[in-house]
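Residue numbers (this note's numbering): 8 to 233. Each residue gets a CB set at the ideal place from its N, CA and C atoms; glycine is no exception. Single-structure report; data block below.
Here is the structure:
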């Protein structure tokens, strides 16, 4: 009886986008538990993709379009969900207000457990972007695994195909950073604000930053927590 009352309260609290999102993507037995909370300000541009949750289902474990970062006007901060490919959640996730998620038809986006975007960041996955557990993204970050326009050589061969992005466990990416195709960020690392990453980094538990398109390790043997 208690579980039924809790379920009823969850349904009554849910806005139409939350109800639609859960029943669009999930089997009925999962959807009725409302693991997704979707803000009414979220624009559901495309929902033709597939979502998988690889963890026990709990009400409200994945939130899209919520939060309150004081430097933004959250009343005007609109999230966008534009997914035609696959999104795999490894557990809890918080995709903050104003954030944009785009996954192409052949693209995959893997989000590990305890994944967080504070606000106003963008992920574009047209091949594969993989986040480990306990990752934190600040605001105004752009992560994309494609250049979107082909560059061809004299043999008409594509020189700039999409390339996977792999981000390890417990990675913190600072505000206004740009993470491009082919990037690999090891476990426990911090990417300094306003950095450009476009290659595989080596060495765990380091702070990396970029200057004049050159990425360097600023500090070693660091630890950080959310």
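- [ ] Determine the extent of the alpha helix (DSSP H) in which residue 25 is found, giving its start and end residues.
- [x] 23-32
Open item on the list: Let me check one thing: in DSSP terms, what residues is residue 115 bridge-paired to?
Closed with: 93 and 135
Task: C-alpha distance - residue 109 paired with residue 226, whole-angstrom precision - done: Between residue 109 and residue 226, the C-alpha separation is close to 33 Å.
- [ ] Could you tell me the boundaries of the alpha helix (DSSP H) in which residue 83 lies?
- [x] Taken as a continuous stretch (DSSP letters only), residue 83 belongs to no alpha helix (DSSP H), as it is neither H nor E.
Open item on the list: When you compare the CB positions of residue 158 and residue 175, do they come within less than 8 Å of one another, or not?
Closed with: No; because the gap between Cβ atoms is not below 8 Å, this pair is not in contact.
TODO: Express the C-alpha separation of residue 132 and residue 87 in angstroms, rounding to a whole number.
DONE: 14 Å
- [ ] Taking only the alpha-carbon atoms, compute the straight-line gap between residue 187 and residue 34 and give it to the nearest angstrom.
- [x] Straight across, the Cα-Cα distance linking residue 187 with residue 34 is about 34 Å.
Open item on the list: Quick check: the Cα distance between residue 96 and residue 177, rounded to an integer number of angstroms?
Closed with: 16 Å
- [ ] Could I get the ranges of all uninterrupted beta strand (DSSP E) runs contained in the segment 169-204, with 3 residues as the minimum, in chain order?
- [x] 172-174
Open item on the list: Comparing C-alpha positions only, which one of 154, 124, 143 and 173 sits nearest to residue 6?
Closed with: As displayed, the chain neither begins before 8 nor continues past 233, which places residue 6 out of reach and without an answer.
Task: Selected residue, minimal CA-CA separation from residue 115, among 59, 179, 230 and 40 - done: 59
- [ ] Report all residues from its chain with a CB closer than 7 Å to the CB of residue 30; omit the five preceding and five following residues, and keep chain order.
- [x] 38
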